[in-house]
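Participant: Structure below; questions to follow.
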Amino acid sequence: MVAAIRTERLAKSFGRTLALRPLDLEVAEGEVLGFLGPNGAGKTTTIRCLLGLARASAGRAEIFGVDAQAHPGEAHRRVAYVPGEANLWPRLTGEEALHLLSRVQGKLDSAYRDELIGRFQFDPSKRVRAYSKGNRQKVLLIAAFSSRADLLILDEPTTGLDPLMEQAFRETVAEARQRGQTVFLSSHILSEVEALSDRVAIIRAGELAEVGTLAQMRHLSALSVDATFDTTPPDLSKIPGVTAVEVQGNRVRCQVVGSVEPLLGVLAASGVHQLLSREPSLEELFLAHYGSEPAGGSGAPHGG
Amino acid sequence: MGAEVTVDEEHGGRGVSIADRRAALVVFVATAKRAVRSAILWGLLFGGLIAQEALGYERGFPTAESREQMAEAFGGNSALAAVAGEGRQLDTIQGFVAWRVFGLLIIVGAVWGLLAATRLLRGEEDTGRWELFLAGRTNRRHAAVQGIAGLTAGFVVLWVLTAALTAVGGSNGKVGFSLSASLFYAAAATASALIFLAVGALASQLAPTRRQANGLGAAVLGLSLLIRMVADTVEGLGWMRWLSPLGWVENLHPLTGSQPLPLIPIVLLTAALAAMAVIVAGRRDVGAGAFIRPQSVEPNLRWLGGQGVLVVRLERWVALGWILGLGMLAAMFGVVAGVAAEANLAGDVEQAVGRLGGSEGGVAAWIGYEFMYIAALVAFATAGQVSATRGEEADGYLDNLLVRDVARGRWLAGRVAFAAALVALGGLATGLGGWIGLAAAGSGKVGIVAMLQAGWNVMVPALFVLGLGVFLYGLAPRLAVPVLYASVLWSFVIAIVGSTINTNHWFLDTSLLTHLGPVPASDLSWPAIGWMLGAAVIAIFAGLVAFTRRDLASA
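Below is the structure:
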């Protein structure tokens, strides 16, 4: 089956600045991929290269098998895009903008558009200049989803939306997924990515740091363990796979990578009173990649 | 890392830092910088035109007889009075210089003032930058005061440059203007700019968008002009000049018995408008107009059927305004051509046209000369379309189209086609308008075919400008608009200089406006038309290719 998105050594530089190092990424049809990275990591550059808005310095980007750099118009026939910044013609009304965008897109499910207008509590009769940032974003979201495009590329799509509208957005993405649409979701909101994505890709300093399902990522990442003892805790730092040991009185916190069996053996023999362990959240995974080093660091692959 | 703050105890006292003061004046500095930049350009143009007329008087009218005949012909003509205002003492250099460019400068100054004010006040609100200012150490009212003060700084520069060049030209032995007369003339020539800076400032507070503020200001300007024209052309209604701000300016009578009295209503009106602007700014919401407008409007889906027609929706009123304006201006030139040609006893227009490659005299020479101005305007209109095209990209609107089924080349080709259509219709309106004007005044010495050729002739440089603009836009989008406007302005200035004095033809050839000859005073120059259009087509093609191969560039 042809991938919805496939990049092969896709790279972009601005003068001497390498914004995107050779990137290999594949998004399967019908998949929701969360695309994570801090500011300046190269998320938007990747998307602009995918859409042909920026010319790749090297490599190839395909959308449903069509070379998106060489034939952007053809590639875009199956794509709907929502940018993070909603720039719309200020003199048009919301309805006029939706009409124009649907005509340019060439596809429209008008019943679904009306449903989305209701769901997002959007008043399309006002001029764009009178809309708040969130309302301008709604215009683009409604236009994108009501096109029923096979691939939705969403770049920080919930910027400016309130929590209720963000819930409506999640509902809409879930519907798109059920219909078999592919969603490429670039976001800073980790809970959103965690809730919606089948897989997550993390980009760092223009380089792909990690790709996989959340389960895979968690398996490869550390498990948090919090143990309370009846007496003085044993030394856990020598146990294979155990790191970041913190001792506070009778309480110990640590991280475990790989098998937990050696740790459990020591704990069972040391009179552990209470034991808590949990998988890392996406936020912890993300911070594990970025928390210890400043953004724009070496860009070397991390973890995994 | 915080900004360094220096406490200036000596000058500010009580812990008010220099940084604080700078922060409090940021609106003034930002507005003044941009107003002054624009004023430098226009001040040089104003002063240059005045000096040029003063220095060229003796050559144009060398004898007392020629001056008397010119005064008789110009002074008694209503059509000329409507365009240029009432002529006084036209048989003297003072009267001639005061009249020849004064009417034009009053109108151009008013338009400059209006557009500068709405751009720097309302335009800043439209883009959201004003909100950033207001989030700093100021409030709505103080920001408006600073904005108006910044505009005033621009006006001062406009006046200083106009006055300096007028004084330099006036100090020439053959001209002999006193310094005070030159300074007063410069004040009179720029007074309308001051008034309409204030009109624009108030309109910026009343209207909810810059476009509507411009419309409001244009209505005031149109009404003022109409009253002034009636007062100057209908016998017995001269008193009506006191009803129009432009009439007050005319009543200053610079160089011909200066009358400072009208400065009182000019200053009072300006101050009142500025004060009202400040008061309204303090009472309304930022981003909104002073009047509550309906929140919802009925959708109008015309011209929204696809990207190809979108340009019509976005630019139709601008284009229509240009086409009608060009047609009306050409008609006015046609109306006055006969009288002007008869009054041109010394043949200075023929000489100017001769320098530009023309051989005909009389009405044809006059039309050929005046259409050089129209050619510059059509070129400016074309540069405006390139600017609007760049604006679609810079503001991010284009992204919405190009991420859909719209090829870059097709989009840009659509914009080019629209600009070319504007040029074509502008040229047609020019030719037809000029012919109608000639026919209405009974100066039918130039036929419709020749006038349509003259209209065609003004199109060609504009199409070359379009080619150059598309090429620059494709290659270097951020530089395209300033470079294009600069090249059109340069071309205009060189054409003016080249028509005034004998110059090296290499120098003259750097202007885009001097290659074709002043039709109908010359034949159409098909070789020049051929290479200019050929170059335009090649440049457009190269620009299209470059545009499809580069990154989109934000502002």
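One line per chain: the protein sequences are A and B, in this order.
Position in the first sequence counted from 1, then plus 930, gives you my numbering.
Position in the second sequence counted from 1, then plus 2, gives you my numbering.
Even glycine gets a Cβ: it sits at the ideal position worked out from N, Cα and C.
Note that the coordinates shown come from a computational prediction; the quantities given were computed from them, not determined experimentally.
Can you check the segment 1075 to 1140 of chain A for any alpha helix (DSSP H) of at least 4 residues that lies completely inside it and give the ranges in chain order?
Facilitator: For the segment 1075 to 1140 of chain A, whole alpha helix (DSSP H) runs of length 4 or above, ordered along the chain, are 1093 to 1108, 1120 to 1126.
Participant: Return the chain-ordered ranges of every alpha helix (DSSP H) run that is complete within the segment 166 to 246 of chain B and spans a minimum of 4 residues.
Facilitator: List check, alpha helix (DSSP H) in window: 181 to 208, 212 to 235.
Participant: Using a Cβ cut-off of 8 Å (strictly closer), state whether Asn459 (chain B) contacts chain A.
Facilitator: By this cut-off, Asn459 (chain B) is not an interface position.
Participant: Give the interface partners of Tyr1011 (chain A) over in chain B, defined as CB-CB distance under 7 Å, in chain order.
Facilitator: Under the 7 Å cutoff, chain B gives Val405.
Participant: Is the distance from the Cβ of Gln999 (chain A) to the Cβ of Arg985 (chain A) below 8 Å?
Facilitator: In this structure, Arg985 (chain A) lies closer than 8 Å to Gln999 (chain A) by Cβ.
Participant: For Ala949 (chain A), report the span of its beta strand (DSSP E) as first-last.
Facilitator: Here the beta strand (DSSP E) through Ala949 (chain A) covers 947 to 957.
Participant: According to DSSP, simplified to helix, strand and coil, what is Asp128 (chain B)?
Facilitator: Note: Asp128 (chain B) maps to helix in three-state DSSP.
Participant: Going by DSSP, which residues form a beta bridge with Glu938 (chain A)?
Facilitator: A:Arg990.
Participant: Looking at the C-beta of Ala1265 (chain A), does it have a partner C-beta in chain B at a distance below 8 Å?
Facilitator: Shown here, chain A extends from 931 to 1234; a query on residue 1265 (chain A) therefore has no answer.
Participant: Is any beta-carbon of chain A found at less than 8 Å from that of Asp234 (chain B)?
Facilitator: It does not; no Cβ of chain A falls within 8 Å.
Participant: Using the beta-carbon of each residue, which ones in chain B are nearer than 8 Å to Ala1060 (chain A)?
Facilitator: Those within 8 Å of Ala1060 (chain A) in chain B are Gln297.
Participant: Tell me whether Arg1008 (chain A) sits in a helix, a strand or coil according to DSSP, three-state version.
Facilitator: Three-state DSSP puts Arg1008 (chain A) in coil, outside helix and strand.
Participant: DSSP three-state call for Asp1156 (chain A): helix, strand or coil?
Facilitator: Asp1156 (chain A): strand per DSSP, three-state reduction.
Participant: Could you confirm whether any beta carbon from chain A is found closer than 8 Å to the beta carbon of Val408 (chain B)?
Facilitator: It does: the Cβ of Val408 (chain B) has a partner Cβ on chain A nearer than 8 Å.
Participant: Interface residues of chain A around Gln309 (chain B) at Cβ under 9 Å?
Facilitator: By Cβ distance, chain A contributes Leu1030, Arg1033, Val1034.
Participant: Using only the alpha-carbon positions, how far apart do Pro1002 (chain A) and Leu980 (chain A) sit?
Facilitator: Roughly 9 Å separates the two Cα atoms.
Participant: Taking DSSP's pairing of strands, which residues face Val1177 (chain A) in a bridge?
Facilitator: DSSP output for Val1177 (chain A) lists A:Val1182 as bridge partner(s).
Participant: Of all the options B:Ala189, B:Leu196, B:Arg61, which has the alpha carbon lying nearest to the alpha carbon of Ala118 (chain B)?
Facilitator: Residue B:Leu196 is the option with its Cα nearest to Ala118 (chain B).
Participant: State the Cα-Cα distance for the pair Gln148 (chain B) and Leu27 (chain B), rounded to the nearest angstrom.
Facilitator: Cα to Cα, Gln148 (chain B) sits roughly 7 Å from Leu27 (chain B).
Participant: Which same chain residues end up closer than 6 Å to Arg124 (chain B) when comparing Cβ atoms and leaving out the 5 residues on each side of it in sequence?
Facilitator: Excluding positions up to five away in sequence, the list reads Ser206, Arg212, Ala215.
Participant: Under three-state DSSP, which class holds Gly1142 (chain A)?
Facilitator: Of the three classes helix, strand and coil, the one that applies to Gly1142 (chain A) here is strand, per DSSP.
Participant: What is the rounded straight-line gap between the Cα of Arg551 (chain B) and the Cα of Phe1114 (chain A)?
Facilitator: For Arg551 (chain B) and Phe1114 (chain A), the distance between alpha carbons rounds to 25 Å.
Participant: Does the CB of Asn504 (chain B) have a neighbour CB from chain A at under 8 Å?
Facilitator: False, the Cβ-Cβ gap to chain A never drops below 8 Å.
Participant: Output the boundary residues of the alpha helix (DSSP H) element that contains Val451 (chain B).
Facilitator: Per DSSP, Val451 (chain B) belongs to the alpha helix (DSSP H) from 450 to 477.
Participant: So, with DSSP's three-state summary, where would you put Gly1226 (chain A)?
Facilitator: Here Gly1226 (chain A) scores only 41 on pLDDT, less than 50, and its place in the model should not be relied on; the value that follows carries that caveat. In this structure, Gly1226 (chain A) counts as coil in the three-state DSSP scheme.
Participant: Would you tell me roughly how many angstroms separate the C-alpha atoms of Ala558 (chain B) and Gly152 (chain B), rounded to the nearest one?
Facilitator: Residue 558 (chain B) lies beyond the stretch modelled for chain B, which goes from 3 to 557, so this question has no answer here.
Participant: Do Ile438 (chain B) and Gly336 (chain B) have their C-beta atoms closer together than 8 Å?
Facilitator: The answer is yes: Cβ separation under 8 Å.
Participant: Report the neighbours of Ala984 (chain A) on chain B: residues whose CB is nearer than 8 Å to its CB, in chain order.
Facilitator: What Ala984 (chain A) touches in chain B: Asp553, Leu554.
Participant: Please list the partners that Tyr475 (chain B) has in chain A, where partner means a Cβ-to-Cβ separation under 7 Å.
Facilitator: Simply none; closest approach about 16 Å.
Participant: Based on the DSSP secondary-structure assignment, which residues constitute the bridge partners of Gly964 (chain A)?
Facilitator: For Gly964 (chain A), which the question treats as bridged, DSSP gives the partners A:Leu1115, A:Val1130.
Participant: By DSSP, does Gln1204 (chain A) sit in helix, in strand, or in coil?
Facilitator: Residue state, collapsed to three classes: strand.
Participant: Check whether the Cβ of Leu1018 (chain A) lies closer than 8 Å to any Cβ atom in chain B.
Facilitator: So yes, Leu1018 (chain A) belongs to the interface.
Participant: How big is the Cα-Cα spacing for Glu237 (chain B) and Ala83 (chain B)?
Facilitator: Between Glu237 (chain B) and Ala83 (chain B), the C-alpha separation is close to 12 Å.
Participant: Quick one: what does DSSP say Ser943 (chain A) is sitting in, helix, strand or coil?
Facilitator: Strand at Ser943 (chain A).
Participant: State yes or no: is the C-beta of Thr154 (chain B) within less than 8 Å of the C-beta of Phe48 (chain B)?
Facilitator: No, they are not a contact pair.
Participant: Using the three-state DSSP reduction, which class does Arg1057 (chain A) fall into: helix, strand or coil?
Facilitator: Looking at Arg1057 (chain A) - three-state DSSP - the assignment turns out to be strand.
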